[in-house]
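*Asks:* The structure is given below, and queries will be raised subsequently.
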Amino acid sequence: MTGLSPAPAAAPDTLDLKAHIRGIPDFPKPGILFYDISTLLRHGPAWKAAMGRLAAIVQPHRPTLLAGIESRGFLIAAPLALELGLGFIMLRKPRKLPGETIGYDYDLEYGTDRIEIQADAVKPGDRVVLLDDLLATGGTMAAGIHLLRKAGAEVPLAAALIELTFLNGRARLDVPVETLVAYDD
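Just so we're aligned, residue 1 is where the sequence shown starts under the UniProt record's numbering, counting upward by one.
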(Lines of atoms letter the chains of each structure in order from A; the text may use other names.)
(Lines give C-alpha, C1' and ligand atoms only; values in the text may rest on other atoms or scores of the structure.)
Protein backbone atom coordinates (compact mmCIF):
# COMPACT_ATOMS: atom_id res chain seq x y z
CA MET A 1 0.00 0.00 0.00
CA THR A 2 1.40 3.35 -1.01
CA GLY A 3 -0.63 5.52 1.30
CA LEU A 4 -2.07 7.48 -1.61
CA SER A 5 -5.80 7.92 -1.70
CA PRO A 6 -7.69 8.08 -4.97
CA ALA A 7 -8.52 11.48 -6.37
CA PRO A 8 -12.09 12.52 -5.59
CA ALA A 9 -14.53 12.00 -8.45
CA ALA A 10 -16.04 15.07 -10.05
CA ALA A 11 -19.53 15.80 -8.84
CA PRO A 12 -22.11 14.65 -11.39
CA ASP A 13 -23.45 18.18 -11.89
CA THR A 14 -20.01 19.61 -12.72
CA LEU A 15 -18.57 16.78 -14.81
CA ASP A 16 -17.78 17.86 -18.40
CA LEU A 17 -19.60 15.39 -20.64
CA LYS A 18 -17.89 16.72 -23.78
CA ALA A 19 -14.59 15.44 -22.40
CA HIS A 20 -16.03 11.92 -22.67
CA ILE A 21 -17.33 12.13 -26.25
CA ARG A 22 -14.80 11.65 -29.01
CA GLY A 23 -14.96 12.89 -32.57
CA ILE A 24 -14.09 10.40 -35.29
CA PRO A 25 -13.23 12.19 -38.55
CA ASP A 26 -14.36 10.82 -41.90
CA PHE A 27 -16.83 8.30 -40.47
CA PRO A 28 -19.01 6.87 -41.91
CA LYS A 29 -17.77 8.71 -45.01
CA PRO A 30 -15.25 11.43 -45.87
CA GLY A 31 -16.11 14.88 -44.57
CA ILE A 32 -18.29 13.64 -41.68
CA LEU A 33 -17.21 14.09 -38.06
CA PHE A 34 -18.90 11.32 -36.07
CA TYR A 35 -19.56 11.98 -32.38
CA ASP A 36 -18.88 8.67 -30.65
CA ILE A 37 -20.65 8.11 -27.32
CA SER A 38 -18.96 4.75 -26.64
CA THR A 39 -16.31 6.61 -24.64
CA LEU A 40 -19.05 8.19 -22.52
CA LEU A 41 -20.81 4.85 -22.02
CA ARG A 42 -17.66 3.16 -20.74
CA HIS A 43 -16.88 5.89 -18.19
CA GLY A 44 -19.13 5.11 -15.22
CA PRO A 45 -19.19 8.53 -13.53
CA ALA A 46 -19.79 10.37 -16.83
CA TRP A 47 -22.53 7.94 -17.87
CA LYS A 48 -24.20 8.25 -14.46
CA ALA A 49 -23.98 12.06 -14.68
CA ALA A 50 -25.55 12.03 -18.15
CA MET A 51 -28.43 9.83 -17.00
CA GLY A 52 -28.97 11.99 -13.91
CA ARG A 53 -29.09 15.16 -15.98
CA LEU A 54 -31.50 13.62 -18.47
CA ALA A 55 -33.70 12.36 -15.63
CA ALA A 56 -33.89 15.91 -14.25
CA ILE A 57 -34.90 17.21 -17.69
CA VAL A 58 -37.43 14.48 -18.50
CA GLN A 59 -39.20 14.00 -15.16
CA PRO A 60 -41.02 17.39 -15.05
CA HIS A 61 -42.80 16.46 -18.32
CA ARG A 62 -44.56 13.61 -16.47
CA PRO A 63 -44.02 10.88 -19.07
CA THR A 64 -45.77 7.53 -18.78
CA LEU A 65 -43.29 5.90 -21.20
CA LEU A 66 -39.93 6.63 -22.79
CA ALA A 67 -39.23 5.81 -26.43
CA GLY A 68 -35.83 5.29 -28.02
CA ILE A 69 -34.95 5.48 -31.71
CA GLU A 70 -32.94 2.57 -33.10
CA SER A 71 -30.28 1.92 -32.16
CA ARG A 72 -28.25 4.30 -30.02
CA GLY A 73 -31.48 5.86 -28.75
CA PHE A 74 -32.11 2.53 -27.01
CA LEU A 75 -28.90 3.06 -25.03
CA ILE A 76 -30.28 6.36 -23.75
CA ALA A 77 -33.98 5.63 -23.24
CA ALA A 78 -33.83 2.15 -21.67
CA PRO A 79 -31.60 2.97 -18.67
CA LEU A 80 -33.36 6.30 -18.19
CA ALA A 81 -36.74 4.53 -18.12
CA LEU A 82 -35.36 2.16 -15.49
CA GLU A 83 -34.03 5.09 -13.46
CA LEU A 84 -37.43 6.83 -13.59
CA GLY A 85 -39.49 3.67 -13.02
CA LEU A 86 -41.12 3.92 -16.45
CA GLY A 87 -41.70 1.58 -19.36
CA PHE A 88 -39.56 1.72 -22.49
CA ILE A 89 -40.66 1.30 -26.11
CA MET A 90 -38.62 0.95 -29.29
CA LEU A 91 -38.93 2.79 -32.59
CA ARG A 92 -37.24 0.44 -35.06
CA LYS A 93 -36.32 -0.02 -38.67
CA PRO A 94 -38.79 -1.99 -40.81
CA ARG A 95 -39.44 -5.67 -40.11
CA LYS A 96 -37.54 -5.71 -36.80
CA LEU A 97 -40.53 -5.84 -34.45
CA PRO A 98 -42.81 -8.86 -34.00
CA GLY A 99 -46.57 -8.60 -34.26
CA GLU A 100 -48.62 -5.85 -35.84
CA THR A 101 -46.76 -2.59 -36.38
CA ILE A 102 -47.53 1.00 -37.30
CA GLY A 103 -45.00 2.64 -39.60
CA TYR A 104 -44.04 6.04 -40.88
CA ASP A 105 -42.05 6.79 -44.04
CA TYR A 106 -39.95 9.94 -44.09
CA ASP A 107 -37.56 11.75 -46.37
CA LEU A 108 -33.82 11.79 -45.92
CA GLU A 109 -31.32 14.04 -47.65
CA TYR A 110 -30.86 11.43 -50.40
CA GLY A 111 -33.83 9.07 -50.27
CA THR A 112 -36.39 7.82 -47.77
CA ASP A 113 -36.46 5.72 -44.62
CA ARG A 114 -39.09 4.14 -42.41
CA ILE A 115 -39.52 3.58 -38.69
CA GLU A 116 -42.06 1.37 -36.97
CA ILE A 117 -43.59 0.80 -33.57
CA GLN A 118 -45.64 -2.12 -32.29
CA ALA A 119 -49.32 -1.32 -32.71
CA ASP A 120 -50.05 -1.97 -29.03
CA ALA A 121 -46.98 -0.15 -27.63
CA VAL A 122 -48.89 2.95 -26.56
CA LYS A 123 -52.41 3.69 -25.49
CA PRO A 124 -54.25 6.90 -26.37
CA GLY A 125 -53.23 9.56 -23.88
CA ASP A 126 -49.84 8.04 -23.01
CA ARG A 127 -47.23 10.76 -22.53
CA VAL A 128 -44.13 9.53 -24.34
CA VAL A 129 -40.80 11.34 -24.25
CA LEU A 130 -38.70 10.54 -27.31
CA LEU A 131 -34.95 10.08 -26.85
CA ASP A 132 -31.96 9.62 -29.12
CA ASP A 133 -28.22 9.98 -28.79
CA LEU A 134 -27.90 12.80 -31.32
CA LEU A 135 -30.05 15.56 -32.80
CA ALA A 136 -28.63 16.58 -36.18
CA THR A 137 -30.99 17.63 -38.99
CA GLY A 138 -34.05 16.55 -36.99
CA GLY A 139 -35.53 14.31 -39.67
CA THR A 140 -35.49 11.06 -37.73
CA MET A 141 -36.67 12.67 -34.51
CA ALA A 142 -39.49 14.47 -36.34
CA ALA A 143 -40.50 11.12 -37.87
CA GLY A 144 -40.46 9.54 -34.41
CA ILE A 145 -42.73 12.24 -33.01
CA HIS A 146 -45.13 11.79 -35.94
CA LEU A 147 -45.14 8.00 -35.49
CA LEU A 148 -45.81 8.22 -31.75
CA ARG A 149 -48.73 10.57 -32.38
CA LYS A 150 -50.04 8.28 -35.11
CA ALA A 151 -50.02 5.48 -32.50
CA GLY A 152 -52.08 7.67 -30.11
CA ALA A 153 -49.40 9.11 -27.83
CA GLU A 154 -48.89 12.66 -26.66
CA VAL A 155 -45.24 13.74 -27.04
CA PRO A 156 -44.37 16.42 -24.46
CA LEU A 157 -40.60 16.42 -25.08
CA ALA A 158 -37.80 15.22 -27.33
CA ALA A 159 -34.32 14.91 -25.82
CA ALA A 160 -30.84 13.83 -26.86
CA LEU A 161 -27.37 13.63 -25.40
CA ILE A 162 -25.80 15.63 -28.24
CA GLU A 163 -27.05 18.38 -30.54
CA LEU A 164 -25.31 19.62 -33.68
CA THR A 165 -26.73 23.13 -33.41
CA PHE A 166 -25.31 24.28 -36.75
CA LEU A 167 -27.72 21.88 -38.51
CA ASN A 168 -30.74 23.51 -36.78
CA GLY A 169 -32.59 20.22 -36.34
CA ARG A 170 -34.72 21.51 -33.49
CA ALA A 171 -36.46 23.85 -35.95
CA ARG A 172 -38.09 20.77 -37.53
CA LEU A 173 -39.58 19.64 -34.22
CA ASP A 174 -42.87 20.92 -32.89
CA VAL A 175 -42.23 19.89 -29.28
CA PRO A 176 -39.83 21.23 -26.65
CA VAL A 177 -36.28 19.92 -27.18
CA GLU A 178 -33.58 19.41 -24.56
CA THR A 179 -29.99 18.28 -25.10
CA LEU A 180 -27.00 17.92 -22.79
CA VAL A 181 -24.08 18.75 -25.09
CA ALA A 182 -24.02 21.11 -28.08
CA TYR A 183 -21.53 21.34 -30.90
CA ASP A 184 -21.65 24.58 -32.90
CA ASP A 185 -19.60 23.44 -35.90
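Glycine is no exception: its CB is placed at the ideal position from the N, C-alpha and C atoms.
In terms of residues, what are the limits of the alpha helix (DSSP H) holding Leu86?
*Replies:* Premise fails: Leu86 is in no alpha helix (DSSP H) and is neither H nor E.
*Asks:* Report the residue from Tyr183, Leu130, Val181 whose alpha carbon sits nearest the alpha carbon of Val175.
*Replies:* Leu130
*Asks:* Using beta-carbon positions only, say whether Ala153 and Val177 come within less than 8 Å of one another.
*Replies:* no
*Asks:* If you check the beta carbons only, do Gly125 and Glu116 fall under 8 Å apart?
*Replies:* The answer is no: Cβ separation not under 8 Å.
*Asks:* Hey, is the segment 158 to 176 in contact with the segment 128 to 143, meaning 3+ C-beta pairs nearer than 8 Å?
*Replies:* yes
*Asks:* Roughly how far, in whole angstroms, is the beta-carbon of Asp133 from the beta-carbon of Ala160, given that I think they are within contact range, below 8 Å?
*Replies:* 6 Å
*Asks:* With a floor of 3 residues, list each beta strand (DSSP E) that falls wholly inside the UniProt domain "Phosphoribosyltransferase" (43 to 156), ordered by position along the chain.
*Replies:* Whole beta strand (DSSP E) segments, 3+ residues: 65 to 69, 87 to 91, 101 to 108, 111 to 118, 128 to 135.
*Asks:* At the level of alpha carbons, what is the spacing between Lys48 and Leu108?
*Replies:* 33 Å
*Asks:* Let me know the secondary structure DSSP gives Thr165 once reduced to three states.
*Replies:* helix
*Asks:* Excluding the 5 residues flanking Ile162 on each side, which residues of the same chain have their C-beta closer than 6 Å to its C-beta?
*Replies:* Tyr35, Leu134, Val181
*Asks:* Could you tell me whether the Cβ atoms of Leu40 and Leu17 are closer together than 8 Å?
*Replies:* Between Leu40 and Leu17, the C-beta spacing is below 8 Å.
*Asks:* Please find out if some non-hydrogen atom of the ligand FMN comes closer than 7 Å to the beta-carbon of Leu84.
*Replies:* The ligand FMN is absent from the structure shown, which contains no ligand whatsoever.
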